[in-house]
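Peer 1: All residue numbers for the sequence shown refer to the numbering used here, where the first residue is 17 and numbers rise by one. All C-beta atoms, glycine included, are put in the ideal place defined by N, C-alpha and C. Source: prediction; values computed, not measured. What follows is a single structure, and I will ask about it in a moment.
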Amino acid sequence: MRKNIVAGNWKMNTTVPEGVKLAKEVNDAVAAAGDLKCDVVIGVPFTHLTAVKAVIDINKVGLAAENCADHTSGAYTGEVSAPMVASTGANYVILGHSERRGYYGETYEILKNKVDLALESGLKIIFCCGESLEERENGSFKEVIKAELADSLFHLSAEAFANIVIAYEPIWAIGTGKTATSDQAQEVHAFIRGLVAEKYGEQVANDTTILYGGSCKPANAPELFAKPDIDGGLIGGASLKAESFMGIVTAF
Ligand code: PGA
Numbered sequence: 017m018r019k020n021i022v023a024g025n026w027k028m029n030t031t032v033p034e035g036v037k038l039a040k041e042v043n044d045a046v047a048a049a050g051d052l053k054c055d056v057v058i059g060v061p062f063t064h065l066t067a068v069k070a071v072i073d074i075n076k077v078g079l080a081a082e083n084c085a086d087h088t089s090g091a092y093t094g095e096v097s098a099p100m101v102a103s104t105g106a107n108y109v110i111l112g113h114s115e116r117r118g119y120y121g122e123t124y125e126i127l128k129n130k131v132d133l134a135l136e137s138g139l140k141i142i143f144c145c146g147e148s149l150e151e152r153e154n155g156s157f158k159e160v161i162k163a164e165l166a167d168s169l170f171h172l173s174a175e176a177f178a179n180i181v182i183a184y185e186p187i188w189a190i191g192t193g194k195t196a197t198s199d200q201a202q203e204v205h206a207f208i209r210g211l212v213a214e215k216y217g218e219q220v221a222n223d224t225t226i227l228y229g230g231s232c233k234p235a236n237a238p239e240l241f242a243k244p245d246i247d248g249g250l251i252g253g254a255s256l257k258a259e260s261f262m263g264i265v266t267a268f
């Protein structure tokens, strides 16, 4: 059976000392909570990975980078490669976030390369997809999501695909306080699971974790997570305080 996961996405927030403090708080809260019904992951800036890794129990709190380069090494000033991320002890990378697609021009093809390099480095991937408000309103959102997944992920073998977690994040719900209703999210999650089933079969589809992201908070997480195809969340704003993040972690 698939895993439930609650993953934080800190984005470009916190200095290293602030991030280490927050990571420690999350780690301690997870340890104190005992048996949780989900895995916990924190996605942190590149600069924080090594220091955060040193203060968490990686068996209890997974560690994600928020991006990686589409090359392995060489003359790419300012970039951070998947092997570099893996060498910090991080075990996940978030790829395809709408902020990276939208602000940094990440295309399906670039993301496909990043996916391959991350998997080669042994990282698990939280792969984001989701439509804009315009695409939601003009009814093209399912085609958009299908293309985002098919063109960057569906070249993978079923074995490789087992290392993919999908995050559905409607862009109009990210950081806006406007959550998709649990029914809207469930509809898309079921659609995504159907796409995975068409490509890889029912077994792989049933084993694939699909997270919801976009203004997820302790108050709305229980209703979202109660839906059959919503297996957790990718949490931005509410992951920046241990208390609100843990409020979501314990929502199952
Ligand atoms: P949000 O961000 O929870 O602040 O809406 C979610 C995300 O972008 O991953």
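Out of curiosity, what's the CA-to-CA distance linking residue 126 and residue 89?
Peer 2: When rounded, the distance between both Cα atoms is 15 Å.
Peer 1: Using only alpha-carbon positions, find the residue among 173, 245, 87 that is nearest to residue 204.
Peer 2: Comparing Cα positions, the closest option is 245.
Peer 1: Name the one or two DSSP bridge partners that residue 216 has.
Peer 2: DSSP lists no partner for residue 216.
Peer 1: For residue 70, is the classification buried or exposed, using 16 other Cβ atoms within 10 angstroms of its Cβ as the cut-off for buried?
Peer 2: Exposed is the call here.
Peer 1: Quick one: residues in its chain with C-beta nearer than 8 Å to the C-beta of residue 20, no 5 flanking neighbours on either side, listed in chain order?
Peer 2: Contacts found: 53, 54, 55, 225, 241, 247, 248, 268.
Peer 1: Rounded to whole angstroms, what is the Cα-Cα separation between residue 119 and residue 112?
Peer 2: So the two alpha carbons sit approximately 11 Å from each other.
Peer 1: If you measure from the CB of residue 165, is any heavy atom of the ligand PGA nearer than 7 Å?
Peer 2: Not so, every heavy atom of the ligand PGA lies at least 7 Å from the Cβ.
Peer 1: Following the continuous beta strand (DSSP E) through residue 25, name the residue where it begins and the one where it ends.
Peer 2: Counting along the chain, the beta strand (DSSP E) containing residue 25 begins and ends at 21-25.
Peer 1: Please report the distance separating the alpha-carbon of residue 172 from that of residue 180.
Peer 2: Between residue 172 and residue 180, the C-alpha separation is close to 10 Å.
Peer 1: Report the three-state DSSP secondary structure of residue 172 (helix, strand or coil).
Peer 2: If DSSP states are grouped into helix, strand and coil, residue 172 belongs with coil.
Peer 1: Starting from the Cα of residue 137, find the closest Cα among 93, 86, 18, 116 and give me that residue.
Peer 2: Selected option, being the one with the closest Cα: 86.
Peer 1: In whole angstroms, what separates the C-alpha of residue 36 from that of residue 155?
Peer 2: Cα to Cα, the separation comes out at about 43 Å.
Peer 1: Report the option in 123, 182, 17 whose CA atom is closest to the CA atom of residue 250.
Peer 2: Among 123, 182, 17, the Cα nearest to that of residue 250 is on 182.
Peer 1: For the beta strand (DSSP E) that contains residue 135, what are its first and last residues?
Peer 2: Looking at the DSSP string, residue 135 is not in any beta strand (DSSP E); the run it does join, the alpha helix (DSSP H), is 124-136.
Peer 1: Return yes when the Cβ of residue 108 is within less than 8 Å of the Cβ of residue 142, no when it is not.
Peer 2: Yes, the pair counts as a contact, with Cβ atoms nearer than the cut-off.
Peer 1: Using CA coordinates, which residue listed in 94, 167, 188 is at the minimum distance from residue 151?
Peer 2: When only C-alpha atoms are compared, the closest one is 188.
Peer 1: Taking C-beta to C-beta, are residue 9 and residue 61 nearer than 8 Å?
Peer 2: The structure shown does not extend to residue 9, since the chain is modelled only from 17 to 268, so the question has no answer here.
Peer 1: So residue 229 is in the beta strand (DSSP E); what residue range does that whole segment cover?
Peer 2: First-last of the beta strand (DSSP E) with residue 229: 226-229.
Peer 1: DSSP three-state label for residue 37, please.
Peer 2: Reduced to three states, the DSSP call for residue 37 is helix.
Peer 1: Among residues of its own chain, excluding the 5 on either side of residue 157, which ones have a beta-carbon nearer than 7 Å to its beta-carbon?
Peer 2: Closer than 7 Å at the Cβ level, and outside the excluded window around residue 157, lie 147, 151.
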